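For the sequence shown, full-length UniProt numbering begins at 3 and goes up steadily by one.
Cβ coordinates follow ideal geometry from the N, Cα and C atoms, glycine included.
Just so it is clear, the structure is predicted and the values come from calculations on it, not from any experiment.
Reading through the structure tokens given below for one structure.
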Amino acid sequence: TRERSLNFIEEIIEEDLANGMNRESLRFRFPPEPNGYLHVGHASSICLNFGLGLRYNAPVNLRFDDTNPAKEEQEYVDAIKKDVEWLGYQWAEERYASDYFQQLYDWAVELIKKGLAYVDSQSSEEMAKQKGTPSQPGSESPYRNRSVEENLELFEQMKNGEFPEGTHVLRAKINMASSNMLMRDPIMYRILHKQHHRTGNDWKIYPMYDWAHGESDYVESISHSLCTLEFLMHRELYDWFLDQIHDNNSIRPKQREFARRNLSHTVVSKRKLLQLVQEGHVTGWDDPRMSTISGMRRRGYTPMAIRNFADTIGIAKRTNLVDVSVLEFCVREDLNKTAPRVMGVLDPVKLVITNYPEGQEEWLDAENNPEDESAGFRKVPFSRELYIEREDFMEEANRKYFRLTLGKEVRLKNAYIIKGESVVKDADGNITEIHCTYDTDSRSGSGTEASLRKIKGTIHWVSIQHALEAEIRIYDRLFTHENPDGDKEIDFKSYLNPNSLEVIKGYLEPSLSEAKDGDRFQFQRLGYFCVDRDSTAEKIVFNKTVGLRDTWAK
Ligand code: ATP
Ligand code: MG
Ligand code: MG
């Protein structure tokens, strides 16, 4: 990673170290809820937490925050592990909040015994009415002063599944007049007769996030528990719960908040991404248009590009929208270094070299990557009939046009210098063939005087008889609005881009028949492309990853 100054989280850690905290006690975690696939926002959080682990040589746990059995599934656990690994990070331990259900229950019993928690038997509507407003204190529940014995008995019955859902909750007894609404006797447990993906039917009560999260951090001796800004007001409650269970010999976790990272022209919310999947607006969680890590992987983005992106945008205290072009820049920058160059034509027009012998072919040397000497060379077939891009020819052009035109010369990449001679048109006046002649001495790399002639334009091509036909999927932004979920009044799906996917046929140099699922290439002058997992032995499918900013400078 690049050199940069400390971010504010690192400053907090440095200060803790300066104040006597032991370096060996540093420990972090990344805590996803397994209720969907990870997205680019999570990637920021992963890079932050695992980045701290690398910087301080400290362990980082992967903790599944699995306290809501209604929405969580093993499929998501597996996908999350795959994504974190793919980004290149190793967790110290794989943990689950559900591993702590018994411990959390025991601590809750202690709180009841200390008079700090009670069973409330009102409906959620009644409790909501008593909450008050930020400027007005709430009122106390009629059950607030139940005896410890009664609370213990009811809580145990809740646990044993003796009550239907919604009939009782366990609440912390804090302060119904607190200026922080979250401190007004928050719910610690609710009854849920749902099967959990790990604990099955063992539990009929499930802890709330606020009760489970800090305590999980505590069990794991997490020194710095980093979360997004919407938890700022929860910090007081996080600390209050820790106060009740903390013994002075243990690490006391510290919650600190950073801003969510939102990306333009997409949504970064598992709930909304799930809607796109369920309603069929995309083909799945890993649709290459999705902001999910699995979608970006399938699109051809590299782990390094995503890590560089996270590093480039850094972390902030204020939420803002990062333009997707920043991410695309990072993708391009990495692929430019690593992706082999190949030739493919996506909008073909036939080019006939009239003075090239019929039936002849030759295999020319082509450099795999000018950015990487070790990448070497490959052979590309050349013959009398080629495809070039329709866009690379104009019958009449002004002096600034350096592609092919009649009467002027252009270089075919890795091959010869050709000169446009004439065109063949159909009845509607569309060009069906371009006829040209080639300079027989001008082969690239041959070292002849003719090959060294300075020619302004270079275009790419494929030999028609050797070309590999491929399906090419070209993506545009999934949403036409830069901030599709920015307005609560407007359904984000109304901004879906109806033209976000275009499928075309392309003609590629035959070396690509060897390409494997996930392989990435630069199609010269067109952009970066990768092999999609839909490819079969009969038909190879490519995804367009991102366009090129520049064409050849030479
Ligand atoms: P979502 O609304 O997409 O479900 P979440 O915050 O509920 O997001 P979690 O699975 O709880 O999802 O997130 C795991 C971690 O990733 C948390 O620490 C969370 O704060 C962080 N995170 C989630 N979204 C973003 C984001 N957009 N930017 C930065 N960090 C994020
Ligand atoms: Mg969450
Ligand atoms: Mg969520």
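Practice prompt. Pick out whichever of VAL425, LEU8 and ARG386 has its Cα sitting closest to the Cα of ARG392.
Written response: Closest option to ARG392, judged by alpha-carbon separation, among VAL425, LEU8 and ARG386: VAL425.
Discussion item. Quick check: does the Cβ of ARG273 come within less than 7 Å of any heavy atom belonging to ligand 1?
Written reply: Result yes, Cβ under 7 Å from ligand 1.
Worksheet item: Relative to the alpha-carbon of GLY90, which residue among SER149, ARG551, GLY282 and ARG299 has its alpha-carbon at the smallest distance?
Response: When only C-alpha atoms are compared, the closest one is ARG299.
Discussion item. Comparing C-alpha positions only, which one of ASN416, ALA429, GLU158 and LYS421 sits nearest to ARG445?
Written reply: The option with the nearest alpha carbon to ARG445 is ASN416.
Discussion item. Going by DSSP in three states, ALA261 sits in which element: helix, strand or coil?
Written reply: DSSP places ALA261 in coil when its eight states are reduced to three.
Worksheet item: Which word fits ASN432, buried or exposed, when buried means at least 16 other C-beta atoms lie within 10 angstroms of its C-beta?
Response: ASN432 comes out exposed.
Worksheet item: Based on the DSSP output, what are the partners of THR135 in its beta bridges?
Response: Note: THR135 sits in a beta bridge opposite GLN138.
Item to complete: For PHE379, write down the residues that DSSP places opposite it in a beta bridge.
Response: DSSP lists GLU369 as partners of PHE379.
Fill in: alpha helix (DSSP H) segment containing LEU113, residue limits
For LEU113, the uninterrupted alpha helix (DSSP H) run begins and ends at 103 to 115, by DSSP.
Worksheet item: Is the Cβ of ILE506 closer than 8 Å to any Cβ of chain B?
Response: Protein chains in the displayed structure number just one, and chain B is not present.
Worksheet item: So ASN499 packs on LEU528, CB below 8 Å; how close in whole Å?
Response: 21 Å between Cβ atoms; not a contact.
Worksheet entry | Span of the beta strand (DSSP E), counted from its first residue to its last, around GLU227 | The residue asked about is misnamed: residue 227 is Ser in this sequence, not Glu. That run of the beta strand (DSSP E) goes 226 to 230.
Item to complete: Round the Cβ separation of LEU353 and ILE436 to the nearest angstrom and send it over; I've been treating them as touching at under 8 Å.
Response: Going by Cβ atoms, the distance from LEU353 to ILE436 rounds to 5 Å, so yes, they are a contact pair.
Worksheet entry | 8 Å Cβ shell around GLU222 - same chain, five flanking residues per side excluded | Once the five neighbours on either side are set aside, the close Cβ partners of GLU222 are ARG29, ARG31, ASN63, ARG65, GLU95 and ARG97.
Worksheet item: Which residue comes first and which comes last in the alpha helix (DSSP H) that contains MET210?
Response: Secondary structure note for MET210: it is in no alpha helix (DSSP H), with a DSSP letter that is neither H nor E.
Worksheet item: Using 8 Å as the threshold, is the segment 311 to 326 in touch with the segment 505 to 522, meaning 3 or more CB pairs across them?
Response: Taking one beta carbon from each stretch, the segment 311 to 326 and the segment 505 to 522 have fewer than 3 pairs nearer than 8 Å; the two do not touch.
Worksheet item: Helix, strand or coil: which one does DSSP assign to VAL324?
Response: Assignment of VAL324 by DSSP, reduced to helix, strand and coil, places it in the strand class.
Worksheet item: Can CYS438 be considered in contact with ligand 1, in the sense that its beta carbon sits closer than 7 Å to one or more heavy atoms?
Response: For ligand 1, not one heavy atom lies less than 7 Å from the Cβ of CYS438.
Discussion item. Can you give me the C-alpha to C-alpha distance between ASP122 and LYS206, rounded to a whole angstrom?
Written reply: CA-CA distance, ASP122 to LYS206, rounds to 16 Å.
Worksheet item: What did DSSP end up calling PHE30 once you bin it into helix, strand or coil?
Response: If DSSP states are grouped into helix, strand and coil, PHE30 belongs with the strands.
Worksheet item: Comparing the CB of ARG97 with every heavy atom of ligand 1, is any distance shorter than 7 Å?
Response: The beta carbon of ARG97 sits no closer than 7 Å to any heavy atom of ligand 1.
Worksheet item: First and last residue of the beta strand (DSSP E) that includes GLN524?
Response: Judged by DSSP secondary structure, GLN524 falls within the beta strand (DSSP E) whose first and last residues are 522 to 525.
Worksheet item: Is any heavy atom in ligand 1 found nearer than 7 Å to the beta carbon of THR230?
Response: At least one heavy atom of ligand 1 is nearer than 7 Å to the Cβ of THR230, so yes.
Worksheet item: With ASP336 and THR304 assumed to form a contact (beta carbons below 8 Å), what rounded beta-carbon distance in angstroms separates them?
Response: The Cβ separation is near 5 Å, so the contact holds.
Practice prompt. Run the CB neighbour count on THR407, radius 10 Å, all protein chains shown included, and call it buried at 16 or more, exposed below.
Written response: Looking at its Cβ environment, which holds 16 or more other Cβ atoms inside 10 Å, THR407 is buried.
Discussion item. Can you tell me whether PHE379 is buried or exposed? The criterion is at least 16 other CB atoms within 10 Å of its CB, across all chains shown.
Written reply: Exposed.
Worksheet item: Helix, strand or coil for PHE531 per DSSP?
Response: Strand, per DSSP.
Practice prompt. Take THR201 and list the residues in its own chain whose beta-carbon comes closer than 7 Å to its own, dropping the five residues that flank it on each side.
Written response: Only residues of its own chain outside the window of five on either side were considered, and among them SER100 and PHE103 have a CB closer than 7 Å to the CB of THR201, listed in chain order.
Item to complete: Would you mind stating whether GLU16 and LEU8 have Cβ atoms separated by less than 8 Å?
Response: In this structure, LEU8 lies closer than 8 Å to GLU16 by Cβ.
Fill in: Through-space distance from ALA341 to ARG522, alpha-carbon basis
The alpha-carbon atoms of ARG522 and ALA341 are separated by roughly 6 Å.
Item to complete: Closer than 8 Å by C-beta to GLU12: which residues in its own chain qualify, once you throw out the five before and the five after it? Chain order, please.
Response: Apart from the 5 residues on each side of it in sequence, GLU12 sits with its Cβ closer than 8 Å to the Cβ of LEU54 and ARG57 in its chain, given in chain order.
Worksheet item: Does any heavy atom of ligand 1 sit closer than 7 Å to the C-beta of ARG262?
Response: True, at least one ligand heavy atom lies under 7 Å from that Cβ.
Worksheet item: For LEU348, does the three-state DSSP call read helix, strand or coil?
Response: The answer is coil: DSSP assigns LEU348 none of H, G, I, E or B.
Worksheet item: CA-CA distance, THR285 and LEU275?
Response: THR285 and LEU275: Cα-Cα distance of roughly 11 Å.
Item to complete: Could you check the C-alpha separation between THR203 and GLY38 for me, to the nearest Å?
Response: Rather than Thr, the amino acid found at residue 203 in this sequence is Asn. GLY38 has its alpha-carbon roughly 22 Å from the corresponding atom of ASN203.
Worksheet item: Does the distance from the C-beta atom of GLY520 to that of VAL533 stay below 8 Å?
Response: Inclusion of GLY520 and VAL533 in the CB contact set at 8 Å is warranted, their separation being smaller than that value.
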